[in-house]
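*Asks:* One structure is given below, represented as structure tokens, and several questions about it will come after.
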Amino acid sequence: MIQEIFGNRVRDLRNSKMYSQIEFSQLSGIDRTQISKIEKGKLNVTLETIEKISGALNIEIKNLMDLTNVKKMRPFVKWAGGKTQILNKICELMPKEYENYFEPFVGGGALFLYLAPEKAYINDSNSELVCVYNCFKDSNMYIKLLNKLEEHEENHNEEYYYKIRALDRADDFKRLSMYERAARMIYLNKACYNGLYRVNSNGYFNVPSARKSKVNTYDRDNMLLLRNYFSNRDINVSNTDFEEAVKPAKEGDFVYFDPPYDTLDDKDTFTSYSKDSFGKETQARLARVYKELSNRGVKVMLSNHNTKYINKLYAGFNITIIKAKRMINSKAEGRGEVEEVIITNY
Ligand SMILES: C[S@@+](CC[C@H](N)C(=O)[O-])C[C@H]1O[C@@H](n2cnc3c(N)ncnc32)[C@H](O)[C@@H]1O
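All residue numbers for the sequence shown refer to my numbering, where the first residue is 623 and numbers rise by one.
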């Protein structure tokens with residue numbers, strides 16, 4: 623049992639750093655077949671191996687060995703700007719203590735699901751995504767969601783993908799049941815090209831199929847963890863603009879803003895999550911909201927690209943520069959490393 627738990631821990635940490643087993647083997651000097659055995663819980667590791675693992679993951683041994691609450695929830699969709707790969711860095715910059723957790727641009731929820739707070743306010747302007755979070759709060763909807771996902775998996779082919787994709791063109795789309803919209807969102811995310819969520823100027827989802835012969839829409843264990851979490855904690859889910867979503871935040875609460883990023887001046891960066899684009903003016907409005915919250919005694923953290931504009935908007939706050947791998951970009955040469963900032967008021 624303990625070997626299995628430790629193996630899951632190593633696999634999760636390795637995935638969060640986006641290392642393949644081969645890359646991890648080269649970094650740690652541990653044989654790849656041994657890594658595979660460790661991750662499957664089939665090897666009793668020595669102290670020397672633990673030291674090698676902690677070095678390759680750049681994590682202290684005591685953190686590596688923190689095996690409490692290891693079965694973590696994970697995002698149920700791939701999301702542009704998802705934070706899984708830089709979770710460790712974000713966690714290092716989190717406040718040590720806070721009351722309620724707010725994430726007004728929750729997206730796939732990498733940080734939120736990792737932290738699993740007792741009381742949280744999560745929000746996203748993407749109504750299809752929010753349908754999924756709401757399904758986790760309701761046992762009936764949750765079961766229907768899983769059944770519908772299985773139906774999508776069974777029926778999946780090219781023609782079916784485009785039939786499901788076209789549902790949002792119908793006038794009565796918003797009258798579909800919550801679980802149907804949620805299942806459509808997950809299915810399209812798993813079956814589409816690159817896991818993108820992109821809509822055209824009319825607000826219709828327009829990502830082509832990835833032409834997969836088989837699509838796995840969900841991981842049963844993860845879904846169980848998600849359902850269990852949402853039914854036992856106080857999680858408020860909303861579908862509104864970020865400014866509205868953080869209104870209830872009060873002194874001692876923590877808000878993490880992970881907005882669509884400012885465009886890198888000379889690069890073509892993905893920002894269109896919905897039909898309303900998130901331009902410079904919206905970045906400036908967000909900075910005003912950030913300052914208002916800060917003045918109210920709320921602890922605020924924000925991620926963005928390291929651009930001159932963002933540095934100017936948040937001058938006076940604590941700005942930490944980090945390097946992140948750019949994950950979603952249709953052009954292969956656009957997948958290198960980019961500089962991001964994490965801005966805190968504490
Ligand atoms: C960078 S992503 C968040 C990624 C997320 N942290 C994760 O780990 O997956 C930004 C999110 O903001 C949402 N969004 C865009 N404009 C918004 C607005 N005005 N108010 C609230 N959410 C918005 C998008 O739908 C998208 O999910």
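Where is the CB? At the ideal position from N, CA and C, for every residue including glycine.
Given 7 angstroms as the limit, tell me if Pro960 has its C-beta closer than that to any heavy atom belonging to ligand 1.
*Replies:* Here residue 960 refers to the residue found at position 338 when the sequence shown is read from its first residue. In the sequence as presented, Pro is not what sits at residue 960; that position holds Val. Every heavy atom of ligand 1 is 7 angstroms or more from the Cβ of Val960, so no.
*Asks:* Three or more C-beta pairs closer than 8 angstroms, one from the segment 818-825 and one from the segment 707-716: is that the case here?
*Replies:* No, the segment 818-825 does not touch the segment 707-716.
*Asks:* For the alpha helix (DSSP H) that contains Lys659, what are its first and last residues?
*Replies:* Indexing the sequence shown from 1 puts residue 659 at position 37. Here the alpha helix (DSSP H) through Lys659 covers 654-661.
*Asks:* Looking at ligand 1, does it come within less than 7 angstroms of Ser747, judged from the CB to the closest heavy atom?
*Replies:* Residue 747 sits at position 125 when you count from the first residue of the sequence shown. Yes; taking the cut-off as 7 angstroms, the Cβ of Ser747 has a heavy atom of ligand 1 nearer than that.
*Asks:* State the DSSP-derived secondary structure class of Glu719, mapped to helix, strand or coil.
*Replies:* Stepping through the sequence shown from its first residue, residue 719 is reached at position 97. In this structure, Glu719 counts as coil in the three-state DSSP scheme.
*Asks:* Taking Val868 and Leu908 to be in contact with their CB atoms under 8 angstroms, please state how far apart those CB atoms are, rounded to whole angstroms.
*Replies:* Indexing the sequence shown from 1 puts residue 868 at position 246. Indexing the sequence shown from 1 puts residue 908 at position 286. The Cβ separation is near 10 angstroms, so there is no contact.
*Asks:* Short of 8 angstroms in beta carbon distance, which residues of its chain neighbour Gly704, apart from the five on each side in sequence? Order them along the chain.
*Replies:* Here residue 704 is taken as the residue at index 82 of the sequence shown, counted from 1. Closer than 8 angstroms at the Cβ level, and outside the excluded window around Gly704, lie Pro697, Gly729, Gly730, Ala732, Met949.
*Asks:* Given a cut-off of 8 angstroms on the beta-carbon distance, is the pair Tyr755 and Pro870 in contact?
*Replies:* For the purposes of this step, residue 755 is taken as residue 133 along the sequence shown, with counting starting at 1. For the purposes of this step, residue 870 is taken as residue 248 along the sequence shown, with counting starting at 1. No, they are not a contact pair.
*Asks:* Let me make sure I understand the geometry here. Which of Gln625, Arg631, Arg849 has the alpha-carbon closest to that of Val667?
*Replies:* For this step, residue 667 is matched to residue 45 along the sequence shown. Nearest of Gln625, Arg631, Arg849 to Val667, Cα basis: Gln625.
*Asks:* Does DSSP put His774 in a helix, in a strand, or in coil?
*Replies:* Taking the first residue of the sequence shown as 1, we reach residue 774 at position 152. DSSP places His774 in helix when its eight states are reduced to three.
*Asks:* Going straight from the alpha carbon of Ser647 to that of Leu665, what length do you get?
*Replies:* Start at 1 with the first residue of the sequence shown, and residue 647 comes out as number 25. Start at 1 with the first residue of the sequence shown, and residue 665 comes out as number 43. Answer to the nearest angstrom: the Cα atoms are 15 angstroms apart.
*Asks:* Roughly how many angstroms lie between the CA atoms of Ile657 and Leu669, to the nearest whole one?
*Replies:* Within the sequence shown, the letter at position 35 stands for residue 657. Within the sequence shown, the letter at position 47 stands for residue 669. If you take the alpha carbons of Ile657 and Leu669, they lie about 15 angstroms apart.
*Asks:* Is DSSP giving Ser925 helix, strand or coil here?
*Replies:* As a first step, residue 925 is located in the sequence shown; it is residue number 303 there, counting from the start. DSSP places Ser925 in strand when its eight states are reduced to three.
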